[in-house]
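**Q**
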Amino acid sequence: MALQVSFREVVKSFGPVRVLHGVSFDLEPGRVLGLLGENGAGKTTLMKILAGYETMNSGELVIDGNAQRFADSRAAEAAGIVMIHQEFNLADDLTVAQNIFLGHELMRGFRLDHAAMRREAARVLQQVGLDIDPDTRTRELIVAEKQLVEIAKALSRRARLLVMDEPTATLTPTETERLFALIRRLHEQGVAIVYISHKLDEVERITDEIVVMRDGRFVARAPTASVTRQEMANLMVGRELSDMFPPKALAPDGPSLLEVHGLSVPGWAHDVSFDLRAGEILGFAGLVGSGRTELFEGLLGLRPSSGGEIRLAGLPVRFASPKQAARHGLTYLSEDRKGRGLHVRLPLVDNLTLMDLDRHARPWLDHRSERRALQQAVAEFGIRCNDLDAPASSLSGGNQQKLAIAKVLQPAPRVVVLDEPTRGVDVGAKRDIYFLIRRLADEGRGIVVISSELVELIGLCHRVVVMRAGRVQATLAATQLTEEELIAHVTGTH
Amino acid sequence: MSQAPTDTAARSLDAALEPASKPAFASRLRRRLVGARPLIGLVLVCIAGQLLNADFGTWDNVMNVLTRTAFIGIIAVGMCFVIIGGGIDLSVGSMAALIAGAEILLMNALAPHLGSAASVVLVGLAAAVTMGAVFGLAHGLLITKGSIEPFIVTLGTLGIFRAVLTWLADGGAITLDGTLAEAYAPIYYGSLLGLPIPIWVFAAMAFAGAYLLNNTRYGRYVQAIGSNEQVARYAAVAVDRVKIVSYVLLGACVGVATVLYVPRLGSASPTTGLLWELEAIAAVIVGGTALKGGSGSVFGTVMGAVLLSVISNILNLTSIISVYLNAAVQGVVIIIVAFLQRGRR
Chain H
1 MALQVSFREV VKSFGPVRVL HGVSFDLEPG RVLGLLGENG AGKTTLMKIL AGYETMNSGE
61 LVIDGNAQRF ADSRAAEAAG IVMIHQEFNL ADDLTVAQNI FLGHELMRGF RLDHAAMRRE
121 AARVLQQVGL DIDPDTRTRE LIVAEKQLVE IAKALSRRAR LLVMDEPTAT LTPTETERLF
181 ALIRRLHEQG VAIVYISHKL DEVERITDEI VVMRDGRFVA RAPTASVTRQ EMANLMVGRE
241 LSDMFPPKAL APDGPSLLEV HGLSVPGWAH DVSFDLRAGE ILGFAGLVGS GRTELFEGLL
301 GLRPSSGGEI RLAGLPVRFA SPKQAARHGL TYLSEDRKGR GLHVRLPLVD NLTLMDLDRH
361 ARPWLDHRSE RRALQQAVAE FGIRCNDLDA PASSLSGGNQ QKLAIAKVLQ PAPRVVVLDE
421 PTRGVDVGAK RDIYFLIRRL ADEGRGIVVI SSELVELIGL CHRVVVMRAG RVQATLAATQ
481 LTEEELIAHV TGTH
Chain Y
1001 MSQAPTDTAA RSLDAALEPA SKPAFASRLR RRLVGARPLI GLVLVCIAGQ LLNADFGTWD
1061 NVMNVLTRTA FIGIIAVGMC FVIIGGGIDL SVGSMAALIA GAEILLMNAL APHLGSAASV
1121 VLVGLAAAVT MGAVFGLAHG LLITKGSIEP FIVTLGTLGI FRAVLTWLAD GGAITLDGTL
1181 AEAYAPIYYG SLLGLPIPIW VFAAMAFAGA YLLNNTRYGR YVQAIGSNEQ VARYAAVAVD
1241 RVKIVSYVLL GACVGVATVL YVPRLGSASP TTGLLWELEA IAAVIVGGTA LKGGSGSVFG
1301 TVMGAVLLSV ISNILNLTSI ISVYLNAAVQ GVVIIIVAFL QRGRR
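Residue numbers (the numbering used here), protein chains in the order written: chain H, 1 to 494; chain Y, 1001 to 1345.
#1: Is it right to say H/M232 is buried, meaning 16 or more other beta carbons lie within 10 angstroms of its own, or is it exposed?
#2: Between Y/A1224 and chain H, is the shortest Cβ-Cβ distance under 7 Å, so that the two count as touching?
#3: Taking three-plus beta-carbon pairs below 8 Å as touching, is the segment 157 to 165 of chain H in contact with the segment 189 to 197 of chain H?
#4: Going by C-alpha to C-alpha distance, which of Y/N1316, Y/L1274, Y/L1340 and Y/V1092 sits closest to Y/A1290?
#5: Mind checking the segment 334 to 348 of chain H against chain Y and listing, in chain order, the residues whose C-beta falls within less than 7 Å of any C-beta there?
#6: With 16 as the cutoff for other CB atoms within 10 Å, does Y/A1058 come out buried or exposed?
#7: With the cut-off set at 7 Å, would you say H/R277 and H/F284 are in Cβ contact?
#8: On the criterion of 16 or more Cβ atoms from any shown chain inside 10 Å, does H/M107 qualify as buried, or is it exposed?
#9: Does the separation of the CB atoms of Y/V1161 and Y/S1246 fall below 7 Å?
#10: Can you list, in chain order, the residues of the segment 394 to 420 of chain H whose Cβ is nearer than 9 Å to any Cβ on chain Y?
#11: So which of H/G308, H/V427 and H/T224 has the shortest CA-CA distance to H/L263?
#12: Could you run through the segment 315 to 334 of chain H and flag, in chain order, every residue whose CB is less than 9 Å away from some CB of chain Y?
#13: Reducing DSSP to helix, strand and coil, say where H/F180 ends up.
#14: With C-beta atoms as the reference, is H/L454 less than 7 Å away from H/E483?
#15: Is it a yes or a no for the segment 59 to 71 of chain H touching the segment 241 to 256 of chain H, going by three-plus beta-carbon pairs under 8 Å?
#16: Compare the Cα-Cα distances from Y/A1133 to each of Y/W1200, Y/G1078 and Y/V1231 and report the closest residue.
#17: Against chain H, with Cβ distances strictly below 7 Å, would Y/V1231 count as a contact?
#18: Decide if the segment 332 to 341 of chain H is in contact with the segment 372 to 385 of chain H; the criterion is three or more beta carbon pairs, one per stretch, under 8 Å apart.
#19: Closer than 8 Å by C-beta to H/F25: which residues in its own chain qualify, once you throw out the five before and the five after it? Chain order, please.
#20: How is H/L33 classed by DSSP in three states: helix, strand or coil?
#21: Starting from the C-beta of Y/S1227, find all residues in its chain whose C-beta is less than 6 Å away, skip the five residues before and the five after it, and write them out in chain order.
#22: When the Cα of H/M56 is compared with those of H/F319, H/A474 and H/F14, which residue comes out closest?
#23: Would you say Y/A1280 and Y/A1118 are within 7 Å of each other, going by their C-beta atoms?
#24: Secondary structure at H/V378, three-state DSSP: helix, strand or coil?
#25: What separation, rounded to the nearest whole angstrom, lies between the Cα atoms of Y/L1114 and Y/L1278?
#26: Classify Y/I1336: buried if its beta carbon has 16 or more other beta carbons within 10 angstroms, exposed otherwise.
#27: Y/I1088 lies in the beta strand (DSSP E); which residues open and close that run?
#28: Which residues, taken in chain order from the segment 355 to 366 of chain H, show a beta carbon closer than 8 Å to some beta carbon of chain Y?
#29: Please state whether DSSP places H/E509 in a helix, a strand or coil.
#30: Closer than 9 Å by beta-carbon distance: list the chain Y residues that pair up with H/D350, in chain order.
#31: Any beta-carbon of chain H closer than 7 Å to the one on Y/G1085?
#32: Using DSSP's beta-bridge definition, name the partner residues of H/Y195.
#33: May I ask you to list, following chain order, the residues of the segment 1035 to 1064 of chain Y that have a beta carbon less than 9 Å from some beta carbon of chain H?
#34: How would you write the range of the beta strand (DSSP E) that H/M47 sits in, first residue to last?
#35: Between the Cα of H/S305 and those of H/E294, H/G216, H/F180 and H/G314, spot the shortest distance and give me the residue it belongs to.
#36: In terms of alpha-carbon separation, which member of H/V237, H/R372, H/D366 and H/E28 lies closest to Y/T1216?
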């Protein structure tokens, strides 16, 4: 029996930041629904409310005609709704069978019924096409297998509606094919599926219907067959894509600012070479795990690197720490904003000036000079905040990101590496950041943009380096930059 | 963001003062009130003390309490840096005992060779502070370069320091020679402008500590590391060096505290400095610093240290609760403070 789910004016805020502004739509039973939207559109939050991980501030969730409010994910599971997160919910030290039955252990009197759980686990594993011993430690599985374990877990709980959040983000093309085959099979068995993604080609292939969300609002729904990819993209962004990006400037042809020849980061990147000119925006494309982030962490001295030659403005350099790199005029913004980019608990000022305290210390810290720097950054980078003394966590995602970018620019670097600069940022802030990056390049800096969003790389970069399995697969010039070309190189099917 | 109960009180107070149109003002006032909590607590306890026993507020008693607070207070100032930086040091009590013993042995040995007792004492002072700094350096290196948890490293040295002292003392006490004791005594018993020397030293260390934390690059880096070490590392902060320096500072603070403590009894024994680590950590926590690091204040720490010794002083002066329950009352205070701080991020 398929579920009939309706959202009615669902509102959700995290602290001062409202992420859902009254979302209403129905999920047709027995469909594979593609839920589309940019990062920060609120699609994950909405689905977390459906699956009992978050509670809504107001609105209604109607399931089979009854208004529901799930207290936790167990309650949602009891109703047949299971969500598979981007970050898996598996305890690495438990076995596969233990994970599948975590919180729902089968009992025999007072004792755990190990045999029955092993048997049942083997059955659902077979159903998802995963041929492993249920007693395997989860730690030993690769990512794709963990995902299948999550699906098996959902099946063991008799899921009637399965929500998958960016399920292919970390999968190879073959693994993705296997997942799609499984989705089709589940669909035939009557399981409804909500497929959250911003990969339009996948959505086009696997879903019957799409719902588009933008900035916490419902935007549109349509049968998948009736819309083109271009139309989907425009709906997600809310304007013609071409408006999102600053007009393209000609690629600069001056001398190289940063040259890297044959650099290796053991375990991640092998024999990587590229060069970056002053005023150039150089993109780095690749799948998760292709070694892009790790390459630059190696370059910065955050990981051991070996071999090769690095030249900055013609002079050979080698950085043992980010401090040395910053001194030479190279700074890096991590893709992990909360974990590595910003001190979310500390005030805005402390975050902004952390990399450039030398300028504000004579030798005692000059708090007024720090504050001036903050006021200047707020104006220059368009950071919206109503209290300059509040902690960074009070800002919205987009404004946090602007603050983080302002921070790595404080030491006035010549080369800036921005890793996923628009992750978790709403559409308006995205556009601001694109124009900001262009301005930084026009000022004569060299900019590296690592991104998983092909549209972004195509719209913004002069050239794009494609990495695959730790090696440079191709370096594409502006004239070669198309989505098809990039995907072919990224997945190694060129 | 969840808030502690007192925040709610502060907010309604703010609302009365200012219409909601000025959130910046309201939140600034709220932050001020949060920072002043340890002081408010101390004032309330002092009022209670005065009501319970009129002797509490006398000059002599106040000086007595503050002088006794100086040892723990000075150590707590150093501990404050280590804890804000996300670390911990369990060894400070044992370290104080070993430094005291070694300092006395050194001074006794030097007495026949150096001319005046005063110069022997000066050498002793310098040696004690240096020793503390060196112990701190060892901790810092083991924790950063050796990648061992600070809890484990200092749990290890807690045992080592006290065992070495016990061995040096042969299980008994190490006592300072008579003439030296006389020359050394003013450091604890003397006073300047009416205030005992230990209070001056305590005040100086506290002001220096507060200035270091709030007005130098180093202080900012300590807070950044405790708040999120990875972010600090990615922001080009020399994380290892900053951490090592925080342990060296704490070691030096222990050295200074020991220097003040030695003339009080003129000896060191296996029970010297027993449980000082807990008192110092408690002072830091009561002062509003989060045990997981990132934020805290030297001012709060000083208030915390004074508050804890005022409580034990009140128990001494009154007979409501037995003095033997002193540690229990302090324990209750710590738990109450932790309860009030829960959920504050």
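Beta carbons are placed, not taken as given, at the ideal position from N, Cα and C, and that holds for glycine.
**A** Walking through what the data contain:
#1: With 16 or more Cβ atoms within 10 Å of its Cβ, H/M232 is classed as buried.
#2: Chain H contact via Cβ: present.
#3: Judged by pairs of C-beta atoms under 8 Å, the segment 157 to 165 of chain H touches the segment 189 to 197 of chain H, as three or more such pairs exist.
#4: Comparing C-alpha distances from Y/A1290 to each of Y/N1316, Y/L1274, Y/L1340 and Y/V1092 shows the shortest one belongs to Y/L1340.
#5: Answer in chain order: S334, G339, R340, G341, L342, H343, R345 and L346.
#6: In the sequence as presented, Ala is not what sits at residue 1058 of chain Y; that position holds Thr. Y/T1058 is exposed by the Cβ-count criterion.
#7: No, these two residues do not count as a Cβ contact at 7 Å.
#8: Exposed is the call here.
#9: It should be noted that the sequence gives Phe, not Val, for residue 1161 of chain Y. Contact annotation: Y/F1161 and Y/S1246 have beta-carbon atoms that are not nearer than 7 Å.
#10: Answer set for the segment 394 to 420 of chain H: S394, K407, V408 and P411.
#11: Answer by Cα proximity: H/G308.
#12: Listed in sequence order: S321, P322, K323, Q324, A325, A326, R327, T331, Y332, L333 and S334.
#13: The answer is helix: DSSP assigns H/F180 an H, G or I state.
#14: The criterion of a C-beta distance shorter than 7 Å is satisfied by H/L454 and H/E483.
#15: Counting C-beta pairs with one atom in each stretch, the segment 59 to 71 of chain H and the segment 241 to 256 of chain H have fewer than three that are closer than 8 Å, which means they do not touch.
#16: The shortest C-alpha to C-alpha distance from Y/A1133 to any of Y/W1200, Y/G1078 and Y/V1231 is the one to Y/G1078.
#17: Any Cβ of chain H closer than 7 Å to the Cβ of Y/V1231 would place that residue at the interface, and such an atom is present.
#18: Segments in contact, no.
#19: Only S6, F7, V211, F218 and R221 meet the Cβ criterion.
#20: DSSP places H/L33 within a strand segment (E or B) once states are collapsed to three.
#21: Close CB contacts of Y/S1227 within its chain, under the 6 Å cut and outside five residues either way in sequence, are with G1294 (chain order).
#22: Ranking H/F319, H/A474 and H/F14 by Cα distance to H/M56 puts H/F14 first.
#23: It is not a contact, given that the beta carbons lie outside the stated cut-off.
#24: Assigned with DSSP and collapsed to three states, H/V378 falls in helix.
#25: About 38 Å.
#26: Per the 10 Å Cβ criterion, exposed.
#27: Unbroken run through Y/I1088: none, as it is neither H nor E.
#28: Residues of the segment 355 to 366 of chain H whose Cβ lies closer than 8 Å to any Cβ of chain Y, in chain order: M355, L357, D358, A361, P363, W364 and L365.
#29: Residue coverage of chain H in this structure runs from 1 to 494, which leaves residue 509 of chain H outside it and unanswerable.
#30: Within chain Y, the residues near H/D350 are R1220, Q1223, A1224 and S1227.
#31: By this cut-off, Y/G1085 is not an interface position.
#32: Partner(s): H/G34 and H/M164.
#33: Among the residues of the segment 1035 to 1064 of chain Y, none has a Cβ less than 9 Å away from any Cβ of chain H.
#34: Boundaries for H/M47: no beta strand (DSSP E) harbours it, while the alpha helix (DSSP H) harbouring it runs K43 to L50, taken from the DSSP string.
#35: Comparing Cα-Cα distances from H/S305 to each of H/E294, H/G216, H/F180 and H/G314, the minimum goes to H/E294.
#36: Minimum Cα distance to Y/T1216 is reached at H/D366.
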